[in-house]
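In our numbering, the protein residues as written are 50 to 335. Okay, structure first, notes after.
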Amino acid sequence: MALAEMGIERDQAAIFSGIGCSGKTSHYINTYGVHTLHGRVLTFAQGAKLALPGLTVVAVGGDGDGLGIGAGHFVAAGRRNVDMTYVIFDNGVYGLTKGQASPTLKLGEQTKSLPAPNPNYSVNPIGLAIASGFTFVARGYSYDVRHLKDLLVRAVRHEGLSFLDVLQPCPTYNDINTRDWYMGKDLAERHSRIYKLEDTGYDPVVPYASQQILNEKITQAMVRSLEWDTRIPTGVFYQNELISTCTTRMADRIPTYLENPPALQRISEDGRPSTDISGLLDSLEV
């Protein structure tokens, strides 16, 4: 829905997916796509974007894929600020391998697939993304499809590295964070746990270059990211387009980068390398 609304042609977009229940996403969307390695979806996706800067790149993965084995790549990606979008389907369990606790399941919670309560503290995806350097950080809820689509559009349009955490009930293995739970049916005073930041007058945008303003925007986003239990915020937590993208920095270093990116360069001619490396080979001879 988001790509269609933006009018992005199918051959101008690519979806990269990790391993897990989310892995089939690249098969379901009618664009180019790659089903990659466990925890490595960001490396594939960043490489594609840097090789072909004009390509619209979206990476998707689960909370286990991206915040467990892929956590190192998640943190490192924030330093580069590659102009792409990363979506995590956050359901608190490793669904493909029968419901083990993922990094986002809260300490002490015991889903029906666990033999004992979760012994580990949870990762805060929103806080980790902000601390790592992502320049657009948002959260959506899978059952609010229209709002989620709007967040995806904003994430893709953002110039820089976007992160979208999608709260997504797992009906098979997570019997705690269910649709009824998000709707607040267990609360004494019933109300939806989900609320939209924009409905509260919250402003996530860093308007101009000021360390004081930047600190204020990061602080308010971090505070909101800690809200849980009876009130869970969705929407855009933080947005900063004043940070240079990796593409811009590459273009500053290599003047021909945007006009002649790696993906469009001729690699070989008649089966032979198009670059003369005879001098290098001669230098290696003993």
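By construction, the Cβ of each residue, glycine as well, lies at the ideal position given by its N, Cα and C atoms. This one's a predicted model, so the numbers in the text were calculated from it and none came from an experiment.
- Around the beta carbon of K266, 16 or more other beta carbons sit within 10 angstroms, so the residue counts as buried.
- For E318, DSSP records a beta bridge to R321.
- As the crow flies, the alpha-carbon of A94 is around 9 Å from that of T134.
- The beta carbons of P174 and D132 sit no closer together than 8 Å.
- Inside the stretch 260-323, DSSP marks whole beta strand (DSSP E) runs of 3 or more residues at positions 281-288, from first to last along the chain.
- If you draw a straight line from the Cα of T146 to the Cα of G69, it is about 8 Å long.
- The residues A63, A94, A97, K98 and M133, in chain order, have a CB closer than 6 Å to that of V106 in the same chain once the five nearest residues on each side in sequence are set aside.
- By DSSP's assignment, R242 forms no beta bridge with any residue.
- When secondary structure is reduced to three states using DSSP, R89 falls in the coil class, being assigned neither helix nor strand.
- Secondary structure note for I179: its alpha helix (DSSP H) is the uninterrupted segment P174 to S181.
- By the Cβ neighbour-count rule, P164 is exposed, with fewer than 16 other Cβ atoms within 10 Å of its own.
- The Cβ-Cβ distance between H87 and S75 does not fall below 8 Å.
- The count of Cβ pairs closer than 8 Å, one atom from the stretch 201-219 and one from the stretch 281-300, reaches three, so the stretches are in contact.
- Taking 8 Å as the upper bound for CB-CB distance, I316 and S327 are not in contact here, some 17 Å apart.
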